[in-house]
Amino acid sequence: SMLFKPFPLCDRNVQSILRDEIVNPLRKTGFVRARSVMHLREQLTEKGQCSSFTNAEKDPEEFLNLIMHQILGIEPLLKLQSEGQKEQDCYCYQIFMDKQEDLVVPDVQQLVEHSFLSSDLKLVEIPSCFIIQMPRFGKEYKMFSKIIPSLELDITDLLLDSPRECCVCGDVATLECS
60 SMLFKPFPLC
70 DRNVQSILRD
80 EIVNPLRKTG
90 FVRARSVMHL
100 REQLTEKGQC
110 SSFTNAEKDP
120 EEFLNLIMHQ
130 ILGIEPLLKL
140 QSEGQKEQDC
150 YCYQIFMDKQ
160 EDLVVPDVQQ
170 LVEHSFLSSD
180 LKLVEIPSCF
190 IIQMPRFGKE
200 YKMFSKIIPS
210 LELDITDLLL
220 DSPRECCVCG
230 DVATLECS
């Protein structure tokens with residue numbers, strides 16, 4: 060939907076590359092050709108958004124922020140809050156966590172829950188889209204050799220001020236353990 064709307068800040072060529080060469084092939088085949096990604100990077104470089112998009116590794120969050128905010132002009136998708144702190148807006152959530160010895164081959168649900176819990180974060184509202192960046196540290200070190208995709212995420216326990224079930228009695232919880 061956002062790839063068809065005319066946005067005031069949106070460059071039509073970048074929008075069509077995203078739609079026709081990146082998103083649609085991903086939906087159809089689960090694969091995007093390297094040439095298509097390079098075409099997008101070249102367009103971003105030509106538009107003066109960043110001179111190093113074609114010759115340097117970019118942080119996925121930086122890349123996503125550029126496309127979502129500066130190119131497509133979309134409002135942030137996530138509203139996060141840490142206890143006692145003010146609300147923060149962002150386009151994606153990067154999973155941060157210490158190595159968990161008991162998580163050899165985790166699934167996305169486990170990683171998201173561990174990350175939110177260890178960071179003391181909550182979602183202020185249900186996001187329309189939840190983009191998650193998996194844990195990694197540079198090109199060389201990967202925290203997990205494999206991560207099992209979760210086709211659905213249960214974000215009930217991640218929502219701020221959402222009623223939760225007591226794990227002892229099954230009634231609505233009045234306190235939350237951390």
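In our numbering, the protein residues as written are 60 to 237. C-beta atoms are modelled at their ideal positions from N, C-alpha and C, and glycine is treated no differently. These numbers were taken from a predicted model, which means no experiment stands behind them.
Quiz item: Are Leu137 and Asp148 close, meaning C-beta to C-beta below 8 Å?
Solution: yes
Quiz item: Looking only at DSSP bridge pairs, what is Cys148 linked to?
Solution: Residue identity differs from the one stated: residue 148 is Asp in this sequence, not Cys. DSSP output for Asp148 lists Lys138 as bridge partner(s).
Quiz item: Is it right to say Met127 is buried, meaning 16 or more other beta carbons lie within 10 angstroms of its own, or is it exposed?
Solution: buried
Quiz item: Buried or exposed: which applies to Gln102, given that a residue is buried once 16 or more other Cβ atoms fall within 10 Å of its Cβ?
Solution: Per the 10 Å Cβ criterion, buried.
Quiz item: In angstroms, rounded to a whole number, what distance separates the CA positions of Glu121 and Ile133?
Solution: 15 Å
Quiz item: How many angstroms separate the CA atom of Arg86 from the CA atom of Thr233?
Solution: Taking the straight line joining both Cα atoms gives about 42 Å.
Quiz item: Taking the C-alpha atoms as reference points, what is the distance between Leu212 and Phe112?
Solution: Cα atoms of Leu212 and Phe112: separation of roughly 32 Å, rounded to the nearest angstrom.
Quiz prompt | Buried or exposed (CB count within 10 angstroms, at least 16 for buried), Val73 | solution = buried
Quiz item: Beta carbon of Ile191, beta carbon of Cys151: below 8 Å?
Solution: yes
Quiz item: If Leu219 and Pro194 are in contact, beta carbons under 8 Å, what's the gap, nearest whole angstrom?
Solution: With a Cβ gap of about 23 Å, Leu219 and Pro194 do not count as contacting.
Quiz item: Skipping 5 residues on each side, what residues in its chain have a beta carbon closer than 6 Å to that of Ser177?
Solution: Met156
Quiz item: Does the Cβ-Cβ distance between Asp216 and Arg223 come in under 8 Å?
Solution: yes
Exercise. Taking Pro181 as part of the beta strand (DSSP E), name the residues at either end of that continuous run.
Key: A small fix is needed here, since residue 181 is Lys in this sequence, not Pro. Note, Lys181: beta strand (DSSP E), 180-182.
Self-check item: For Val73, the three-state DSSP class (helix, strand or coil)
Solution: If DSSP states are grouped into helix, strand and coil, Val73 belongs with the helices.
Quiz prompt | Length of the line joining the Cα atoms of Cys225 and Glu235 | solution = 9 Å
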